[in-house]
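First comes the structure, then the notes that go with it.
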Amino acid sequence: MTKPATFCTQANALLRKNLTYQKRNMKTNLQLVMFPVILCVLLVVLQYVVDNELDKIFDNSKCKKNTQGQDVDVDVDVDGKVQYSDANLFATCAIPKPPEWPPLLQIPAPRYRAVQTDLLPFPDLPDESSRGLGFVSCPVTFLFTATNFSFAHSLFGNMFTPFTIENITSVKLGFAMNVLGTDKPPGISNFLEPAFSSGLTLYYLQNQCYTLVPPFLISATPVLQDIICVQGLRLWRNSSSEINNEIYKGYRRGNTQRQTNEIVAAFDLLNSNSNRFNVSIWYNSTYEGSGFIGPTKLVRIPRSVNLISNTYLQSVIGPGAKILFDFVKEMPKSETKYRIDIASLMGGLFFTWVILQLFPVALTSLVYEKQQKLRIMMKMHGLGDGAYWMISYLYFLALSVIYMLCFVIFGSLIGLKFFILNDYSIQFVFYFIYVNLQVSLAFLVATMFSNVKTATVTAYIVVFGTGLLGGYLFQSFVQSTSFPRGWIIVMEFYPGFALYRGLYEFAQFAFAGDGMRWEDLSNSTNGMKEVLIITFVEWIVVLFVAYYIDRGSGRNPLFFLSRFQEKLPSSTRKPTFQKQGSKVLVQMEKHDVNQEREKVEQLILVPNIDYAIVCDDVKKVYPGRGGSPEKIAVRGLSLAVPQGECFGMLGPNGAGKTSFISMMIGLTKPSAGMAYVQGLDIRTEMDGIYTQMGVCPQHDLLWESLTGREHLLFYGRLKNLKGSALTQAVEESLKSLNIFHGGVADKQAGSYSGGMKRRLSVAISLIGDPRVVYMDEPSTGLDPASRNSLWNVLKRAKQDRAIILTTHSMEEAEVLCDRLGIFVNGGLQCIGNPNELKSRYGGTYVLTMTTSSDHEKDVENMVHQLSPNVKKIYHLSGTQKFELPKEEVRIADVFRAVENAKRQFPISAWGLADTTLEDVFIKVAHEAEASIPLS
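Note that the sequence shown covers residues 68 to 1002 in this note's numbering.
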């Protein structure tokens, strides 16, 4: 016997098998890699189509040129009109001299301005009815606080300069001297000021409103503007926290229509005095309007800064002192093309699908091994859990990393900004952590499925459902300023949403044209940092939980403490009673079965290394379901099998043979009793037993895409065979079981016939010289020649190992088995070698005679003359069978009686046969099933 394979040997065997399996599935792998490639190509084509359409909308040929061929300024021509016929052209035309726009203060629309409410019952706020005064506009509110109240109060008294008609004679000077505002949201640049582009009303702020201002014309726009006075309230608050609370309660939070109380601005002068100017300014960020589809809008803060600065300057120097704020102006720009990055715009959804495609691949592979029982087959031939987990995990991780590298490299090569602009190191960290989490999730979810089709459908529903929910629900929550950030973090604990959030952040930074850098992770609006933390922690937790569940499958949740449990002694046995309904069945053991039980009891007390398998009162009970009673599959089986013996188990279907084998090979746990293999307990030491065990299961457990030779090489390596010894063992196995000739050994197992698969399963069970072998109906489906070849192999194999074999072939049992046990209703009915059983249960001759129906009585009379204890066992249309006791009848007497009978009546046919093993089997089975219940 070879030594058990080391961890490295097991890992090497599984790795080689996986690589070979992967090579066989090259077509599938190419299809998998082509999915992101096709998607990237689709995005490029879509980008090309969108760019062409944008060029039609933003046609730079419409940009007007002067006589020298240069772009004209964005200014009025001699007729006082804008040079551009289409406002869209501001985005793409060259603007060497941008317009100068008057600085404005951003004020709330009348329906949003601060008033007294139940939530904000400040008495100095305007009454709520002021919102409906029509032309006389509702006041707007400024809040201020400071350490020095008297200084701050005197300072804010001079905030607004009286507005006079004379000031309008010079528009630029008039706007610089006075404070004007608008409730129109700002744009993303100052090439075109929205407040002056559509003839909207402007507001000028005063302490009190007395004067109406007629409409006037502003240069750079042909539209007459209306100006309405609005009162600016300056209200004192006791502290900055009080201001912050009032601002928060009145904040509009996006475009909600609920009642709000917005202020224009708030100022905290802190410790300012006549020698020190120190101020904090609050502003309303609602108007930023930042979103996924475009850059952040401008915010009209400079006018607030100028307003408080002028107020301070006038309080210190005098009313004549002013810092004039003449205009705001955009930087000049050259002619550009208007472009929308489709990959960044749609990448969150599409790329989520691309990455999640790896999840069904890993999940279905793991469930396939579970469904086909390949995992347990590998384990039964010595593959440890540690080696399986390490190689399988690294195998799927390597596939994922290669997949993602191909995805990122190809996306970069074709110029997708999503990949090019964002820092590759951040992308690598994010993708690496997530694919690790995804592989761990596949191992965890695989424990919940036993069917590949169900797992596949579920996985793809998760893939596409996650993408759609992320794109149309989760993204809206992320973009909303009103949705609590804490709930977004909670949602990101679902790995699919964490993936979407990370891709969303990449897409947003790429769309803005800057790309993400490591320093951007400290930005409070960037969710990448929290995503990396969440996915990393989940990776570790999910990996641990998946391994824990896999190791403890079918065990007590505290299975890892089993090594500290004491082994319980074998229980004192009593007569076995089984209750069924109101009746009790008394199980009477035969003398040979009782002898076997006594031998087992002795071996438990005094172990003997010559006995490879010792089963001590092993029971298996399946619990009832749906109101049905529990099913007793094995009823207290005691059995001892020494080295060099082939023990055959005979029994009808459903007798419990396969249940017994399943317990011995670790597929199920015994309900009671103990069993030892090579001195190791099957309840707690199966890992050690697996290294010395070979199994030929009832159904062939093979990889369809691996060849017969590759199967034997893999299992040979698990048995610690190496080099020339491995090659020789494989060749001998192939030849001995007739799988070598005609190139069959190098054909994929999926193309094998049922008999060839059966022979390969037998070869797998014997390779590596295991000390104990279990064979569940090994010759099923074999032709006579292959069956004889198999029998010869097993005859040689049983010389130095213990074999337990189940079969329905009496011929096979007689040829191979040293001892037989007939198993009925979950228990052994008899045990012994074939000749003993035939002698014990078949001490009769069987006389068969066929005559006409008129002479049936004559035949009976003749037979009863041979022996008074004769027994008729068959009668049909003149054919009768009789059992003749051997101790009362001689064969010569039978022949003589038949010859005499032929002279008296015609006999069509007759025969005399000794008892066969099949007769014994039928007799024992019928007797066991005919047990009389006692009430």
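Beta carbons: idealized from backbone N, C-alpha and C, even for Gly.
Per the C-alpha coordinates, the member of R198, Y470, F516, H448 positioned closest to C763 is H448. Taking a C-beta distance under 8 Å as the contact criterion, L365 and I255 qualify as a contact pair.
Around the beta carbon of R868, a 10 Å sphere encloses 16 or more other beta carbons of the protein chains shown; the residue is thus reported as buried. By the neighbour-count criterion, in which 16 or more other beta carbons inside 10 Å mark a residue as buried, G899 falls on the buried side.
Counted as a single uninterrupted DSSP element, the stretch harbouring C75 is not any beta strand (DSSP E) but the alpha helix (DSSP H) occupying residues 74 to 91. The beta carbon of R886 sits closer than 6 Å to those of F714, N900, all from its chain and outside the five residues before and after it, given in chain order. By the CB criterion at 8 Å, T208 and L302 fall inside the cutoff. Under DSSP, L717 takes part in a beta bridge, and its partners are I889. Restricting attention to alpha helix (DSSP H) runs no shorter than 4 residues, the segment 519 to 570 encloses them at 519 to 536, 542 to 546, 552 to 558, ordered along the chain.
With 16 or more other Cβ atoms from the protein chains shown falling within 10 Å of its own Cβ, E879 counts as buried. Cβ-Cβ distances below 7 Å link H808 to nothing in the same chain once the five nearest sequence neighbours on each side are left out.
In this structure L895 does not touch V530 by the C-beta definition: roughly 53 Å separates them, more than the 8 Å allowed. Beyond the five residues adjoining it in sequence on each side, I458 comes within less than 8 Å, by CB distance, of A78, L81, L82, N85 in the same chain, given in chain order. The alpha carbon of P103 has as its nearest neighbour, out of G733, A158, V506, F418, the alpha carbon of F418.
Taking 8 Å as the cut-off, the beta carbon of T915 is found closer than this to the beta carbon of W977.
When DSSP states are grouped into helix, strand and coil, K905 belongs to the helix group. Under the rule that a run must span 3 or more residues, the beta strand (DSSP E) segments found entirely inside the segment 908 to 949 read 911 to 917, 938 to 943. Annotation for K687: the continuous beta strand (DSSP E) segment containing it runs 678 to 689. Between the alpha carbons of T548 and P177 lies a distance of about 22 Å. Positions of the alpha helix (DSSP H) runs, each at least 4 residues long and wholly inside the segment 167 to 235, are given as 216 to 223 in order along the chain.
Counting along the chain, M398 sits inside no alpha helix (DSSP H), nor does DSSP assign it H or E at all.
The shortest CA-to-CA distance from V882 to any of R863, Y941, I375 is the one to R863. Look at the beta carbons and you see the segment 424 to 437 touching the segment 509 to 520: at least three pairs across the two are nearer than 8 Å. When the beta-carbon positions are compared, D393 and A243 come within less than 8 Å of each other. In the structure shown, W456 falls within a helical segment according to DSSP collapsed to helix, strand and coil. For V104, the secondary structure class from DSSP, reduced to helix, strand or coil, is helix. Using a Cβ distance threshold of 8 Å, S772 and Q815 count as a contacting pair. Pairing D813 with I680, the inter-Cα distance amounts to about 36 Å.
In the three-state reduction of the DSSP assignment, L773 falls in the coil class, being assigned neither a helical nor a strand state. Residue range 491 to 513 is occupied by the alpha helix (DSSP H) that includes L504. Per DSSP, the unbroken beta strand (DSSP E) holding P709 starts and ends at 698 to 709. Y318 is not a Cβ neighbour of A332, given a cutoff of 8 Å. By the beta-carbon neighbour count (other beta carbons within 10 angstroms, threshold 16), M444 is buried. In the DSSP assignment, F334 forms a beta bridge with F211, I348. For L269, the secondary structure class from DSSP, reduced to helix, strand or coil, is strand. In the DSSP secondary-structure assignment, A880 is not bridged to any residue.
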